[in-house]
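Read through the structure below, which is laid out as structure tokens, and then see the notes.
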Amino acid sequence: MATGAAPLGSIGVKLRDWRSRSAHLLRRIGGLLLLLILAAAIALWWASRWAPPRDIYPVQGVTIDASNGEVHWGSIKAAGADFAYISATTGRDGTDTHYAENMRAARDAGISTGSIHRYSLCTLATDQAANFIRHVARRPDALPPVVWLDFDDSCPDRPTRALLLSELATFLAQIEAHMGKRSLIAPGPAFEAEYRVTESIARTAWLRRDFFEPDYGAHPWTMWQATGHLRIAGADGTVGWNVVRPEGETL
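Quick note on our numbering: the sequence shown kicks off at -9 and runs consecutively.
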């Protein structure tokens, strides 16, 4: 009996040692996971409050759509919005349900306003222009309209670059005749990489990149959406926050 006790005792010691090391490892893993969760929470908190410094970019504004719910425009102005671009129409027949109310309330709050059309690759330019003209009134005090250019998962079409540029030129000509002023074009990075619209469409460019100035496009940006993650009083969810290139700034 004595000769068998030593090996059994040794196994027990090893088992306890293994359990101790495992528990220590699990505690370390748990601590690291907690630190990662804390870091992610801090990053999200920071992103939801960051905006470009006003001393560098004096003119700043907001992008608003129906996802922001019932907007309190006095609070938006108090948050520092000098202007607002408001989602109006999409494709051939899409409309933003809060567009008319947002435009009226923003102007009443003393905020300059402009309208956004989200361009669709699946619809003829003339049909999209008719949708925009039907819902967006011509106003001398309106900011230039914006054509938002992005890929959409619901639209699988990818026309040739020549066709896209031709259709886009048609759309711009029609809405600009209606509005009495030239438009801005706002291509996302992937869209610009595919179609190089800023290379061929001579319009003011509104480019997008979170937290860092965008470096795509054939010419420098005039408008920059610096973040799409900002949370401000007066709007549900997150808003786009934009700056205008300072006058006289050189590159």
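Think of the CB as a built atom: it goes at the ideal place given N, C-alpha and C, for glycine as much as any other residue.
Since residue i is in the alpha helix (DSSP H), which residue starts that stretch and which ends it?
i: F254; result: The structure shown does not extend to residue 254, since the chain spans only -9 to 241, so no value can be given for it.
i: T212; result: First-last for T212: undefined, no H or E at that position.
i: E189; result: 187 to 190
Note down the Cα distance separating residue i from residue j, rounded to an integer number of angstroms.
i: I27; j: D45; result: 33 Å
i: W138; j: D147; result: 17 Å
i: E91; j: G20; result: 50 Å
i: D221; j: S12; result: In the sequence as presented, Asp is not what sits at residue 221; that position holds Arg. In a straight line, the C-alpha of R221 is about 43 Å away from that of S12.
i: R129; j: L153; result: 31 Å
i: D83; j: I165; result: 15 Å
i: V234; j: D72; result: 10 Å
i: P134; j: A159; result: 16 Å
i: E157; j: A115; result: 5 Å
i: E237; j: R17; result: 56 Å
Only counting the same chain, and skipping five residues up and downstream in sequence, which positions put a Cβ closer than 6 Å to that of residue i?
i: P179; result: Y206
i: S57; result: G227
i: Q250; result: An answer regarding residue 250 cannot be provided, because it is not within the stretch -9 to 241 covered by the chain.
i: A99; result: W63, G64, K67
Please report the residue range of the beta strand (DSSP E) in which residue i lies.
i: V234; result: 229 to 234
By Cβ distance below 8 Å, which residues in the same chain neighbour residue i in space, the five residues on each side in sequence not counted?
i: I123; result: Q164, I165, H168
i: W196; result: V136, L174, I175, A176, W211, T212, M213, W214, Q215, N232
i: L111; result: F141, D142, C145, D147, R148, P149, L154
Among the residues of its own chain, which have a CB less than 7 Å from the CB of residue i, if the five just before and after it don't count?
i: Y185; result: R151, L154
i: S10; result: none
Exercise. Along the chain, which unbroken stretches of the beta strand (DSSP E) at least 3 residues long are found entirely within the stretch 134 to 183?
Worked result: 136 to 139, 174 to 177
Exercise. Which runs of the alpha helix (DSSP H) spanning at least 4 residues fall entirely within the stretch 41 to 120, listed in chain order?
Worked result: 63 to 68, 89 to 98
Exercise. Are there three or more Cβ pairs, one per stretch, closer than 8 Å when the stretch 99 to 109 is compared with the stretch 71 to 82?
Worked result: yes
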